[in-house]
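Undergrad: Heads up: take any position in the sequence shown, counting from 1, add 196, and you land on my numbering.
Glycine residues also receive a C-beta, built at the ideal position from the N, C-alpha and C atoms.
On a predicted model such as this, the values are computed, not experimentally measured, just so you know.
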Amino acid sequence: RVNRNDVSAAVDSMLLVIDNSVSGYNKGSILSKVNAGERVALNDVFIDIFNISREIWEKSGGAFDPSAGPLFDLWGFGFADSTATVEAKMQRAAQMKEYTGMDLFGFEETQHGTFLTRADERCRLNFNAIAQGYSCDAVARVLESYGSRNYIIEIGGEIVCKGDREQGGPWRIWIDKPEDGNDISGALKQDVLSISDCGVVTSGNYRKFYYKDGQKYAHTIDPKTGYPVQHSLLSATVFADDCATADAYATSFMVMGIDRAKALLERHPELKAYLIYAAPDGSNAVWFSPALKSKIVK
């Protein structure tokens with residue numbers, strides 16, 4: 197018989213390892229030390245998240261880019277606050293693009309371990325757009341190791357679900373309306389999907405943003421321009437085999453916008469998405485992968 201305390205301790209231990217590896221808020225983490233210019237040996241978690249990020253950076257054409265950490269900080273959505281004017285931020289963003297790109301990083305293998313290399317000392321990483329999804333997958337592996345076959349895991353809105361819920365049948369996943377000020381998950385419903393055995397993540401620009409001189413600046417930064425995105429896509433809910441992948445692509449789609457997101461989905465049928473965007477008349481419109489049609493609960 198499985199001891200709940202043992203499971204809880206194993207989950208806590210795994211989450212602590214991830215926090216000590218890639219949290220930018222934990223000043224003692226490997227990521228924080230690397231960003232500060234320290235030479236520190238990397239662990240398996242850091243290397244795994246980096247490799248997954250590098251692969252999706254390539255597949256997304258750079259839309260998903262943890263190396264845009266300096267840009268996140270600049271616009272006030274990273275690990276540091278910036279008090280510069282919008283005009284100053286735009287000027288600095290153009291300069292920062294010179295040291296943004298996952299291809300500027302690499303690994304150095306030594307007898308003392310694996311170390312991160314970077315082409316420019318100003319290069320920094322921010323794994324916020326994948327770390328919580330990765331954490332969900334890690335917790336799922338712990339539960340699986342204890343024999344669990346029916347579960348739902350949620351960390352910061354990122355979800356992994358498997359098997360059936362207690363009432364029977366697949367899990368019910370609630371998609372929020374992407375309206376400014378909708379800060380409570382589940383307060384305003386757009387749709388409910390009956391689905392299981394996947395990772396599910398929603399990214400949107402309706403909770404993390406600010407206004408300056410009448411202009412909205414959202415937390416999604418386009419690494420190609422260096423600026424917060426300005427397009428019609430309001431939220432992207434992605435369904436993938438694992439939550440880290442869903443997490444990264446949800447961010448990617450918010451960078452791309454509706455048309456580019458749909459084009460990528462056509463090239464990657466292993467991904468499914470539910471996209472909400474602003475129609476020309478100002479109303480909210482919905483597009484979703486055809487495979488999801490039968491999953492929507494009316």
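1) Using only alpha-carbon positions, find the residue among Asp-261, Ala-446, Gly-453, Pro-476 that is nearest to Lys-468.
2) Strictly by DSSP, which residues pair up with Arg-301?
3) So the candidates are Arg-320, Val-425, Ile-492; which of them puts its Cα closest to the Cα of Lys-385?
4) So what does DSSP say about Arg-200, is it helix, strand or coil?
5) Determine the extent of the alpha helix (DSSP H) in which Ile-243 is found, giving its start and end residues.
6) What are the residues that DSSP puts in a beta bridge with Gly-395?
7) Looking at the strands, I want to know which residues DSSP matches up with Leu-389.
8) Specify the secondary structure class of Asn-480 as computed by DSSP and reduced to three states.
9) Please report the residue range of the beta strand (DSSP E) in which Ala-334 lies.
10) Ordered along the chain, which non-local residues of its own chain (more than five positions away) have a Cβ less than 8 Å from that of Asp-261?
11) Considering Ala-474, what are the terminal residues of the beta strand (DSSP E) in which it resides?
12) Tell me the rounded alpha-carbon separation between Pro-476 and Val-451.
13) To the nearest angstrom, how far is the alpha carbon of Glu-375 from that of Trp-483?
14) Gly-478 to Asp-372, Cα distance in whole Å?
15) Let me confirm a value: Asp-269 is counted as buried when at least 16 other C-beta atoms fall within 10 Å, else exposed. Which label applies?
16) Can you look up Tyr-406 in the DSSP assignment and give me helix, strand or coil?
17) Below 6 Å CB to CB, which residues in the same chain sit around Ser-256 once its five sequence neighbours on both sides are set aside?
18) How should Lys-358 be labelled, buried or exposed, when 16 other C-beta atoms within 10 angstroms of its C-beta is the threshold for buried?
19) Identify whether Leu-284 lies in helix, strand or coil by the three-state DSSP scheme.
20) Based on the DSSP secondary-structure assignment, which residues constitute the bridge partners of Ile-417?
21) Opposite Thr-306 in the DSSP bridges: which residues?
22) Name the one or two DSSP bridge partners that Arg-320 has.
TA: A quick look at the data gives this:
1) Ala-446
2) One detail in the question is off: residue 301 reads as Phe in this sequence, not Arg. Answer is Arg-314, bridged to Phe-301.
3) Ile-492
4) helix
5) 240-255
6) Val-356, Ala-436
7) Ile-369, Ile-492
8) strand
9) Unbroken run through Ala-334 is the alpha helix (DSSP H), 324-341; no beta strand (DSSP E).
10) Trp-253, Thr-296, Gly-297, Met-298, Pro-419
11) 468-474
12) 19 Å
13) 17 Å
14) 18 Å
15) buried
16) Any answer about Tyr-406 is weak, because its pLDDT of 44 lies below 50 and its placement is not dependable; what the coordinates show is given next. In the structure shown, Tyr-406 sits in a strand (DSSP, three-state: E or B).
17) Ser-448
18) buried
19) Note that residue 284 is Ala in the sequence shown, not Leu. Of the three classes helix, strand and coil, the one that applies to Ala-284 here is helix, per DSSP.
20) Pro-424
21) Gly-309
22) Ala-264
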